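J.:
Protein chains in written order, with the working numbering: chain A, 1 to 275; chain B, 1001 to 1275.
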């Protein structure tokens, strides 16, 4: 399968990121999905220890859905020792075996450690076991620490690619600066639109409240301040853009248009008292 | 497929957790893998809007790998409006469309909001689009906010089940109390073993250092304090258990045994000076 442009080149990869070591993976599909999850998170160093169905594997290529770069660069090793030879830190992603005393970390805590190691110029490898049974105790013994994903204890078995995704995602997030929450502005006619100024918004409020006074909605007078406050708060919560303020003024105008028309013909509808 | 015991009953599910709404999902396999990811995280309210291949779907059952509970309880709806009718908050998991002004949250920030809503007794729904093209702008318009997973911008397309997993995982983690890092003790003969006391450890050190003095390793005398400090720090870092301390004392004893044997026969090997 030929790579698309987007999967070529550096493709957002951090070459100093951890190596993902799949030990005895069984299905090519899972290797492919794991590769896709890696590239999703900016990782590309895939190492395979004795893949059951050999390598290269066509099913891995198609399951990678464009993460060809990772598949093409994947290296096969005869054993874990060879696969991790150049690394300074080794983690095993597994449910904790009871026969070994090793630190057990959440993926988030492990990610923080890995980023610190990376910053010191040290290489990290993460071992993942075969789909069916995970890493054996002997295989885990290559690792200094264990990563255990805190899941529903009644149903904790993750598929291989899902485990790779969680660990790689936490690694990515440990250095991510995306704002937790932001409200983007509309992009119209080729450029972003601006949030409305408070002057625009106050004019909208005055327009709306003038029409509501006129129609008798803001009644009785002692309730008026609270009614106005509550209405204004709906719109203030919305972080309106300038075009939205203009739309809302159009809406108010449209809603009162029929009464205006009647008034123009000299007909006055009775004023409502309250709603 | 008959459910296993582990997939029956409540199986660690939080019935007040968010509903996962798959809008127009195409492949049964992906519905199944999404169901598995949901149960991994303790979610079970799966809602399907117009699944392409109909429902029930055998491929979904087998891909769910035991998350039968989620598959069996899944409900099919004719439209998004019907699927989310009972919910108070709706999120759309999607790359942000440029035509709408809506808050965009990371999965982590959204999870915190969802937990807060849950604590107030409010129901949350999260919309996920079809595999190939995601949610349309019209479909996104049902949601109050957008969840965007901060991934490698050069390769950001997540498969459906992976997207469900990340969002469900963050929801789970938002209330998780697993220690970030802990060192479990060995379980031997049916019970956990204890960490060694400092008394055990100091006796090990004294034993080791006595033998090293004897063999001439801790030399010259002005270097001795630093050498001792560095050796001790290796073992202190290891959080030794009581059986491990006993093993190490056995190791020291074994290493000096041959010299002891020679000495017992009146033969004194020459003392080494330094190492």
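Note that beta-carbon positions come from the ideal geometry of N, C-alpha and C, so glycine has one too.
Predicted, not measured: the structure shown is a model, and the values here were computed from it.
1) Any idea what DSSP makes of residue 1075 of chain B, helix, strand or coil?
2) For the 8 Å Cβ check, are there 3 or more pairs between the region 1132-1149 of chain B and the region 1083-1103 of chain B?
3) Any idea if residue 164 of chain A is buried or exposed, counting beta-carbon neighbours within 10 angstroms, 16 or more meaning buried?
4) Please name the residue, chosen from B:1029, B:1215, B:1110, that lies closest to residue 1174 of chain B on a Cα-to-Cα basis.
5) Can residue 169 of chain A and residue 41 of chain A be called in contact, C-beta distance under 8 Å?
6) Within 10 Å of its beta-carbon, does residue 5 of chain A have 16 or more other beta-carbons around it, so buried, or fewer, so exposed?
7) Assess, as a yes-or-no matter, whether the region 105-122 of chain A is touched by the region 73-82 of chain A under the definition of 3 or more beta carbon pairs within less than 8 Å.
8) How far does the alpha helix (DSSP H) with residue 1142 of chain B in it reach, from first residue to last?
9) Taking 8 Å as the limit between beta carbons, can you name the residues of its chain near residue 13 of chain A, skipping five residues before and five after?
10) For residue 32 of chain A, would you say it is in contact with chain B, using Cβ-to-Cβ distances shorter than 8 Å as the test?
11) Can you find a C-beta in chain A that's less than 8 Å from the C-beta of residue 1155 of chain B?
12) Helix, strand or coil for residue 156 of chain A, going by three-state DSSP, please let me know.
13) Distance cutoff 8 Å, beta carbons only. Does residue 1182 of chain B sit that close to anything in chain C?
14) Along chain A, in chain order, which residues have C-beta atoms closer than 8 Å to that of residue 1041 of chain B?
15) Pull up the CB-CB distance for residue 1100 of chain B and residue 1141 of chain B, whole angstroms please, since I reckon it's below 8 Å.
16) What residues of chain A sit near residue 1249 of chain B, judged by a beta carbon separation below 9 Å?
17) Output needed for residue 21 of chain A: all residues of its chain with C-beta closer than 6 Å, excluding positions within five of it in sequence on either side, in chain order.
18) Any idea which residues DSSP pairs residue 88 of chain A with across the strands?
19) For residue 1210 of chain B, collect the residues of the same chain with a Cβ closer than 6 Å to its Cβ; drop the 5 residues on either side in sequence, then sort them by chain order.
20) Could you pull the start and end residues of the beta strand (DSSP E) that residue 124 of chain A belongs to?
21) Quick check: the Cα distance between residue 7 of chain A and residue 36 of chain A, rounded to an integer number of angstroms?
22) Mind pulling the chain B residues with CB within less than 8 Å of residue 172 of chain A?
23) For the beta strand (DSSP E) containing residue 108 of chain A, list its first residue and its last residue.
24) Can you tell me the Cα-Cα spacing of residue 108 of chain A and residue 1171 of chain B, whole angstroms?
25) Below 6 Å CB to CB, which residues in the same chain sit around residue 1208 of chain B once its five sequence neighbours on both sides are set aside?
T.: A quick look at the data gives this:
1) strand
2) yes
3) buried
4) B:1110
5) yes
6) Since pLDDT at residue 5 of chain A reaches only 42, below the 50 mark, its modelled position is unreliable, and the value read off the structure follows with that caveat. Label assigned to residue 5 of chain A: exposed.
7) no
8) Note, residue 1142 of chain B: premise wrong, no alpha helix (DSSP H); not H, not E.
9) 39, 42, 43, 44, 69
10) no
11) yes
12) coil
13) Structure shown: chain C not included; protein chains present are A and B.
14) 151, 152
15) 7 Å
16) Simply none; closest approach about 17 Å.
17) 47, 83, 125, 127
18) Answer by DSSP bridge pairing: none, since residue 88 of chain A is not bridged.
19) none
20) 124-128
21) Its pLDDT being 41, under 50, residue 7 of chain A is placed unreliably in this model, and the value from its coordinates should be taken loosely. About 10 Å.
22) 1150, 1151, 1152
23) Looking at the DSSP string, residue 108 of chain A is not in any beta strand (DSSP E); the run it does join, the alpha helix (DSSP H), is 107-119.
24) 14 Å
25) 1252
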